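Here is the structure we will look at.
Protein chains: 2
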Amino acid sequence: MSPVLIVGSVALDSLETPYGDAPDTLGGSAVYASLACSLFAPVRLVGVVGDDYPPEGVELLRSRGVDLAGLEVIEGGKTFRWAGRYTGSLGAAETLSTDLNVFADFSPKLPESYRETPFVFLANIQPQLQMQVLEQIAAPRLSMCDTMNLWLNTVPDQVRAMVGRVDIALMNDAEAKQLTGDPHLISAAEKTLQLGAKCSVIKKGEHGALICTEEGCRFVPPFPTTHVRDTTGAGDTFAGGMIGHLAQTGDRSTDNLVRAAAIGTVLASFCVEGLGVEGLAAATPEKMQERYAILEKSSRTPALRSGSLES
Amino acid sequence: MSPVLIVGSVALDSLETPYGDAPDTLGGSAVYASLACSLFAPVRLVGVVGDDYPPEGVELLRSRGVDLAGLEVIEGGKTFRWAGRYTGSLGAAETLSTDLNVFADFSPKLPESYRETPFVFLANIQPQLQMQVLEQIAAPRLSMCDTMNLWLNTVPDQVRAMVGRVDIALMNDAEAKQLTGDPHLISAAEKTLQLGAKCSVIKKGEHGALICTEEGCRFVPPFPTTHVRDTTGAGDTFAGGMIGHLAQTGDRSTDNLVRAAAIGTVLASFCVEGLGVEGLAAATPEKMQERYAILEKSSRTPALRSGSLES
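Taken in sequence, the protein lines are chains B and E.
Sequential numbering of the first sequence, starting at 8, is according to the working numbering.
Sequential numbering of the second sequence, starting at 8, is according to the working numbering.
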C-alpha cells in the first residue's frame, strides 16, 4: 500500500441542482480525488487555498489521513470559487461564475517529504503545471493525468506532451475525439495510446468507462443508480478511487486496471447521489464492496452455450 | 428453433458517407432484421414493395430462407426510398429525401400461414400498424417492438399502448428519456417497464446496450470495431439477431436476454463495417462466435480479490 500524490484544485463550489442548492460547499478536483483515494491508500495533497478556507474542509481531509503538507495557504488570499447550475440530466453544468483567486497563480511546489511518492494523480489543471509536478517526483511508479476541453482548445500540444509522459491518460469521450480528431470513440481511444500513454481511460458519464491498452478495449458499465442528484466531482472521484486501488494493490495488469476503474465507478455512484462531497464522504469500503458485486454482475455477458448456434 | 415473424420497411436507400456512396441500395428495417435473424431461425417477412424492387433483393432474402409470402408487391407502385447523408461519427444521418411511395398505404395483412408464428418482431412502423400485426397472431410466445422519435412526437399514447403489449420494448436512449420524461437513462429505462413490457432494451449506439427487467439492469458493451463506415440498419440488425437467438433457444431468462443482446451487438458490428447490407450479408455464425468471445472478454469486470480492501 503505497502513498499517492494528488494535485488539483481545492475550491468552494456553489451548486444549483433540481434537487437543491449547496452554496459555498467543499469542492475541487483534489478534494474529491483525495476523499476517494483515501479509502485505499495514504494521500499527499498538493493545492492552494486562501485563508478563508473553512476549517471543516481541513478537518474532513485530516479525518481521512490526508497529508496536507503540500496544501499552501495564502494569507489574505481567497480560495478558488466556482458556481454552477445543473438542469435535466445533470450532464454538464452551466458555469455561473468562476473566481480563480489564489488558484490563478498556483505554482505547485512539492514539500521534500513528497518527492519520493510512487503513485501520482495529476487532476485537471494547466498541463504545464501538471508537468511541473511530475518533474519534481524522483521516479514515480505510476502516473495518471486528467485534462479538460479548455486545455485542448488553448494548449493542445501541451496536453499531447502530458499524455505522452504518463502511464494512464484519463479523459472523457468528447475529449478523446477532440484530442485525436477521430469521431469514433473506440478508434479515438486507441489513437490516444499512440501519444505514449500505456493506458487510456475514457469516462463516459452515464454510459460507464472504456479502458484501452495495447491488449485492446475493456468496458466498465455505469453503476445503475437511480438517485442522481449532483454530478460535480464524479470524474475526480472515479480517478481517486482508481489510483487508490492501484496504489493499494501495486498491480498494473489489465485486469487490475479494469478492477480499479470499476472501483472508481462505484465510488462515483456514491458521489452523484449527494450534493457536493456529501455522498462520497458517506461511502465506506463495505458499501463499496456491496455495489461492486452488483456492478460485476450487471456487466457480465454470459458465454454462448454450445449448440446455441446450431440451425 | 421456432419461426420469427418480422414486419417493417423494405426500402431502397441512397447513402452518402465519408467512406463512399451507395445509391439505390437494399435497405429497410425488415430487410436488415431478417438477414440478421435468419442466421438463427426461419424468418417470415411482412412488408410491401413496388414492382420496381430489384430481383437481387428477393434473391438475397430467399438465399437466407426468408419466407416472402407476406411481401406484398404493388403492381405499378414504387418501392419506399430514403436518401441520407452521414458525416462525422455517423451518429445520425441527415435525411436528404423520403419517398414513402407504396409504404404510405401499408396495411399489413398476414398470410394464413403466418398466423401461428410464435416469435414476432415489430420493427419501427406506425404503432397502430404494429398493433394491427400483433392482433393477427394467434398467441405469440414472445413479441418485441421498436419505435422512433417521430411516433413519440406525434402519437405518444399509441407508443405507450404498444410498449405495454409486448414482451420486449426496444428503443434508443433518447427515446427512453422522451417516453418517460426522465432525463436519467437508468431510471428512464426502469420506468419504461411500468408501461407493461417485461423487458426494456435500450440501444446506445457506440456505448452499447442496456437490458432492464424486474431483476435490474444489465449492460452489454459495444463490440470494439474500429472500422465504422455506415450505421444504417445497425439497430434493426441488433434486433433481428436478438430475436433470432431467442427463437433459436426458446429461453427467455435474463441471462439469455443478455446473451441475445450481445449477439445482436456483434451482428451490428458487422453491419456498420460495410455500406448498406454488405457487411451484414457477409456475417456467418462462425465469424459471429469469434467476435462474441472478444465481446464477452471485453465486458468482464474482474471480481474484487479478497484483501484488496485491507488498509
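The beta carbon of each residue, even a glycine, is placed where N, CA and C say it ideally should be.
Source: prediction; values computed, not measured.
With the cut-off set at 8 Å, would you say E:D74 and E:F87 are in Cβ contact? In this structure, E:D74 sits away from E:F87, with a CB-CB distance that is not shorter than 8 Å.
Tell me which residues share the same chain as E:D189 and place their Cβ nearer than 6 Å to its Cβ, disregarding the 5 neighbours each side in the sequence. A195, K198
Please check if any C-beta of chain B sits within less than 8 Å of the C-beta of E:F245. Under the Cβ distance rule, E:F245 does not count among the residues neighbouring chain B, no pair being separated by less than 8 Å.
Which chain B residues sit within Cβ distance under 7 Å of E:V284? Here the premise fails: no neighbours, minimum Cβ distance about 20 Å.
Taking only the alpha-carbon atoms, compute the straight-line gap between B:V80 and B:P118 and give it to the nearest angstrom. 14 Å
Runs of alpha helix (DSSP H) lying entirely within the stretch 205-261 of chain E, each at least 4 residues, in chain order: Here the runs fully enclosed are 241-256.
Cutting at 6 Å between CB atoms, please list the residues of its own chain near B:V248, excluding the five before and the five after it. For clarity, residue 248 of chain B is Gly in the given sequence; the question names Val instead. Answer for B:G248: A43, I270, G271, L274, listed in chain order.
Just the chain B side, please: which residues come within less than 7 Å of E:F128 by C-beta, in chain order? Within chain B, no residue comes near E:F128; the closest Cβ sits about 18 Å away, beyond 7 Å.
Quick test of the definition: if touching needs 3 or more C-beta pairs under 8 Å, does the stretch 62-71 of chain E touch the stretch 156-168 of chain B? These segments do not touch.
Kindly indicate which three-state DSSP category B:E297 falls into: helix, strand or coil? helix
What does B:I13 reach in chain E if we use C-beta pairs closer than 7 Å? The CB of B:I13 never comes closer than 7 Å to any CB in chain E; the least such distance is about 17 Å.
Anything in chain E within Cβ reach of B:R307, meaning under 8 Å, just list it in chain order. Neighbours of B:R307 in chain E, taken as residues at a C-beta separation under 8 Å, are given in chain order as R225, V265, S306, R307, T308.
Entirely within the stretch 61-127 of chain B and at least 3 residues each: give me those beta strand (DSSP E) ranges in chain order. Within the stretch 61-127 of chain B, the runs of beta strand (DSSP E) at least 3 residues long that lie entirely inside it are, in chain order, 74-81, 87-92, 101-106.
Closest to E:W89 by C-alpha separation, out of E:G223, E:T187, E:L22, E:D180, would be which residue? E:L22
Are at least three pairs of beta-carbons, each pair with one atom in the stretch 204-212 of chain B and one in the stretch 173-190 of chain B, less than 8 Å apart? Enough Cβ pairs lie closer than 8 Å, so yes.
Residues of the stretch 76-96 of chain B with a CB closer than 8 Å to any CB of chain E: list them in chain order, please. Cβ contacts with chain E: G95, S96.
Mind checking whether E:D153 and E:L129 have CB atoms under 8 Å apart? E:L129 is positioned such that its CB atom lies closer than 8 Å to that of E:D153.
Need the endpoints of the alpha helix (DSSP H) that B:R148 sits in, please. Here B:R148 belongs to no alpha helix (DSSP H), and DSSP marks it neither H nor E.
Keeping to the same chain, check which residues put their C-beta closer than 6 Å to that of B:P25; ignore five residues upstream and five downstream. none
Residues of the stretch 211-225 of chain B with Cβ closer than 9 Å to any Cβ of chain E, in chain order: K211, E213, H214, G215, L217, C219, G223, C224, R225
Secondary structure of E:R190, DSSP reduced to three states: Here the sequence assigns Pro to residue 190 of chain E, which means Arg is not the residue at that position. E:P190 falls in the coil class under three-state DSSP.
Check E:A40 in the structure and name its three-state DSSP category. helix
Determine, using beta carbons only, whether E:P61 comes closer than 8 Å to chain B. It does not: the Cβ of E:P61 has no partner Cβ on chain B nearer than 8 Å.
Which class does E:G57 belong to by DSSP, given the choice of helix, strand or coil? Secondary structure at E:G57: strand, using DSSP grouped into helix, strand and coil.
Contact set for B:G84: own chain, Cβ-Cβ below 7 Å, skip 5 residues either direction: Cβ within range, chain order: G57, D58, N108, V109.
B:D262 touches chain E at which residues, Cβ-Cβ below 9 Å? Chain E residues near B:D262: R307, P309.
What does E:E197 reach in chain B if we use C-beta pairs closer than 9 Å? P231, T233
Touching or not, the stretch 224-241 of chain B and the stretch 226-236 of chain E, by the rule of three or more beta carbon pairs under 8 Å? yes
Min CB distance E:D70 to chain B below 8 Å: According to the sequence displayed, residue 70 of chain E carries Ser and not Asp. So, not an interface residue.
Residues in its own chain within less than 6 Å of E:E317 by CB, not counting five upstream and five downstream? Per-residue confidence for E:E317 stands at a pLDDT of 40, beneath the threshold of 50, marking its modelled position as unreliable; no derived number is given.
Would you say B:L287 faces chain E, with C-beta separation under 8 Å as the test? no
Starting from the beta carbon of B:S194, find every residue of chain E whose beta carbon is closer than 7 Å, and list them in chain order. Ordered by position in chain E, the residues that pass the 7 Å Cβ test against B:S194 are T233.
Three or more C-beta pairs below 8 Å linking the stretch 285-292 of chain E and the stretch 252-272 of chain E: no
Length of the line joining the Cα atoms of B:A29 and E:I132: 46 Å
Cut-off 8 Å between Cβ atoms - residues of its own chain near B:Q139, not counting five sequence neighbours on either side: S114, P115
Extent of the continuous beta strand (DSSP E) run through B:L33: Where B:L33 is concerned, the enclosing beta strand (DSSP E) stretches over 27-34.
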